[in-house]
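Position one of the sequence shown corresponds to residue 1 (UniProt numbering), numbered consecutively onward.
All C-beta atoms, glycine included, are put in the ideal place defined by N, C-alpha and C.
Since the structure is predicted, the reported quantities are computational estimates derived from the model, not experimental observations.
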Amino acid sequence: MPLDAVCLTALLRELEPELTGARIDKVQQPERDLLLLNVYTRSGARRLLISAGVGSARLHFTRERYENPETPPMFCMLLRKHLTGARIVSVEQPPYERLALLRLAARTELGEETEKTLIVELMGRASNVILADAAGNIIDCMRRADFGEGAYRRLLPGMLYRLPQRPEKPCFFETDPAERRELWEKSGGAEADRWLMDTFYGLSPLIAREIAHRALCPEGLPAAMDALCESVSAGEFTPTLLTLPGKAPDVTFMRITQYGPSAVCEQRGSFSELLDECYARRDRAERMRRVSHDTAKSVRTLRDRQARKLAQQLEELKKTAGREELRRRGDLITANLYRAKKGDRVLVCEDYYTDGCPEVEIALDPMKTPQQNAAAAYKEYKKAAAAEKHLTELISSGEKQLEYLESVLDELSRAESEKDVADIRRELELSGVLRVKRGAKPPKLKPRGPFRYVSSTGFEILAGRSNTQNDELTARTARRGDIWLHTQKVHGSHVIIRTDGAPVDERTLAEAASIAAYHSQARDGGKVPVDYTEVRNVKKPAGSLPGKVIYTNYSTVMAEADERLAESLAVK
């Protein structure tokens, strides 16, 4: 969700005391829509991040590190010329607008004092960073805009900067209770959150839904609206990180209740800290998605190729099913050599392989003698038998390879970091599945250990992150008396309960089975069977692919993946 007007209001209240009087020491532009201002404040050196990215427009102090291009962009060089050494006089925001004005006291090249304004517009696709002079004329913009480019207003050097036009509807936080109640009563029973978005501006969809949720019923909406307006007017803001299963983290200024227990709301010390963490996590997730996408694409290509190859081999195997008929044909020709001669096209004889010995006709090659026809039949039989044996071996190997590639794709879908992806790719290269790129340097990433959990009754539970780590966990880390778990007929991690010789209670077994389901292809598939046995009963076949084992003397329990349980038992 884009940074809404209320979050920006709360953020600027935090930044204003720090930024007022601060000196700009350096300007950097590591990305096309990202600026970093190194500022010296009362509390020391800080880095102010300004982003005009679509979906990531924001303004806050940051601790993250960014790599700068060798040649600075033109806009960066222009800002360095005008802003280096300037002092921030004030930080302003038009009420409940998604833009900030940094008023600056700077000096010209001749040393004369002058005023500048750095305008940060945080408005989704229309986000921009604009530098204006003392008269309000635009010096330049991060994104120049003209009517011919589909822009709703012109932003070009030399033009007078004008604030974005306010919507015709009223700002939610500037209306009084009587006005809001009257508008609601005239709505005719519309959906509350939709009505709020259509009637007012200044509200994000998330907050509109939250007001509707807290209202409980149509009659309670005016009170819910009043409560929010009062808390915002009083400056009661709580920097909150909102996390929903399977979605990127989000930021808000209040605790969100509309999602029930599925949402995790975590309070942070400041809005700068909140935004820095939120977008750092988003950036890491996006980087990991790109990294895993490349590896997954290669593996999917190999999987699809292997599946096609396997299908072709199965078709060829079907053709060898008639090899016994070739042997019978050779036997019958050999037994009736006296009835045929070179030049015959058909041999009529009794089929002594069939009850009653009925007469059958066997086609002959007239260019060959009867002995040569029999030899040709035996040769085709031996060829078909050899092909069957060879194809059976190829199909068995191909099925194992296909199963392995499917397990790798499952691991990539559950990878939680770039290190996890790097470990999986290294496994693929060592096993010969993927080629090592020429001149490619292996990433300097320390391999991560297995997932670690502690059960409610104190047993340590380990889960592998990759097929290679599964082998390491089962064959080397675990002891013979430990308990090994794996989802039945479903790709997933090897899970180990470290027993230290103690009997495992039912609760620990159930929790470990749930963890096995969570770290498997069946994560979102409801209850699944999970097999468990002592490690002494788990063997790795010689020459088998990573992660492949066979096990005996096992029992089965039904379990369901539980993310909250896994998080609560995880060793941080």
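Note down the Cα distance separating residue i from residue j, rounded to an integer number of angstroms.
i	j	result
E149	R143	At E149 the pLDDT is 49, less than 50, meaning the model places this residue with poor confidence; the figure from the coordinates comes in the next sentence. Going from the Cα of E149 to the Cα of R143 covers about 11 Å.
K383	F451	52 Å
R414	H519	7 Å
K572	P17	36 Å
A422	D482	29 Å
A145	P529	59 Å
L569	N68	41 Å
L445	E429	In this prediction, L445 has a pLDDT of 48, which is less than 50 and means its spatial position is unreliable; what the coordinates show is noted afterwards. Taking the straight line joining both Cα atoms gives about 16 Å.
M288	L409	15 Å
M558	E286	35 Å
V436	L302	15 Å
W184	C229	16 Å
T240	N467	38 Å
E315	A517	36 Å
E411	Q29	36 Å
E236	T108	42 Å
K379	A510	60 Å
S455	D500	14 Å
T552	V538	7 Å
G322	C349	20 Å
C76	T41	22 Å
L179	R255	For the sequence presented, residue 179 should be read as Glu rather than Leu. Looking at the two C-alpha atoms, the distance is approximately 26 Å.
E416	A566	14 Å
L8	E534	57 Å
L216	P170	24 Å
A45	V39	6 Å
Which word fits residue i, buried or exposed, when buried means at least 16 other C-beta atoms lie within 10 angstroms of its C-beta?
i	result
L163	exposed
Y352	exposed
M225	buried
H293	exposed
A57	buried
P81	Here the sequence assigns Lys to residue 81, which means Pro is not the residue at that position. With fewer than 16 other Cβ atoms within 10 Å, it is exposed.
I138	buried
residue 575	Only positions 1 to 572 of the chain appear in this structure, which leaves residue 575 out of reach.
Q312	exposed
I119	buried
residue 585	Within the shown structure, residues of the chain are numbered from 1 to 572, placing residue 585 beyond reach of any answer.
T556	exposed
D420	buried
K116	buried
G260	exposed
T392	exposed
G398	buried
L473	buried
S396	exposed
V54	exposed
R523	buried
T71	exposed
A340	buried
R480	exposed
Report back the beta-carbon spacing between residue i and residue j to the nearest angstrom; my notes put them in contact at under 8 Å.
i	j	result
residue 609	L12	This structure cannot speak to residue 609, because the chain is shown only from 1 to 572.
Q258	T238	The pair is not a contact, with the Cβ atoms about 16 Å apart (cut-off 8 Å).
P245	E563	6 Å
L15	V91	6 Å
L37	V27	6 Å
P541	D471	12 Å between Cβ atoms; not a contact.
R103	A5	Their Cβ separation, rounded to whole angstroms, is 20 Å, which puts R103 and A5 out of contact at 8 Å.
E560	S514	6 Å
A387	T320	5 Å
V337	Q371	Sequence inspection shows Leu at residue 337; the Val mentioned does not correspond to that position. Between Q371 and L337 the Cβ distance is about 7 Å, and since that is below 8 Å, they are a contact.
P95	E174	7 Å
L160	C141	In fact, because the Cβ distance is near 13 Å, the residues do not count as touching under 8 Å.
Specify whether the region 243 to 251 and the region 279 to 293 touch according to this definition: at least 3 beta carbon pairs, one from each stretch, less than 8 Å apart.
yes
Cβ pair count under 8 Å reaching 3, the region 166 to 179 against the region 201 to 217
yes
Please specify which runs of the beta strand (DSSP E), each continuous and at least 3 residues long, are wholly inside the region 215 to 284, giving them in chain order.
240 to 243, 250 to 252 and 264 to 267
Cβ contact check for the region 504 to 519 and the region 456 to 466: 3 or more pairs under 8 Å
yes
Taking contact to mean at least 3 C-beta pairs separated by less than 8 Å, is the region 14 to 28 in contact with the region 74 to 89?
yes
Does the region 460 to 476 come close enough to the region 314 to 331 that 3 or more CB-CB pairs lie under 8 Å?
no
Cβ pair count under 8 Å reaching 3, the region 210 to 219 against the region 186 to 198
yes
Entirely enclosed beta strand (DSSP E) segments - the UniProt domain "NFACT RNA-binding" (451 to 543), minimum 3 residues
451 to 454, 460 to 463, 483 to 487, 495 to 498 and 527 to 534
Entirely within the region 276 to 351 and at least 4 residues each: give me those alpha helix (DSSP H) ranges in chain order.
323 to 335
Residue ranges of each beta strand (DSSP E) within the region 7 to 81, 3 or longer:
23 to 31, 34 to 41, 44 to 51 and 58 to 61
List in chain order: all unbroken alpha helix (DSSP H) runs of 4+ residues lying wholly within the region 88 to 160.
none
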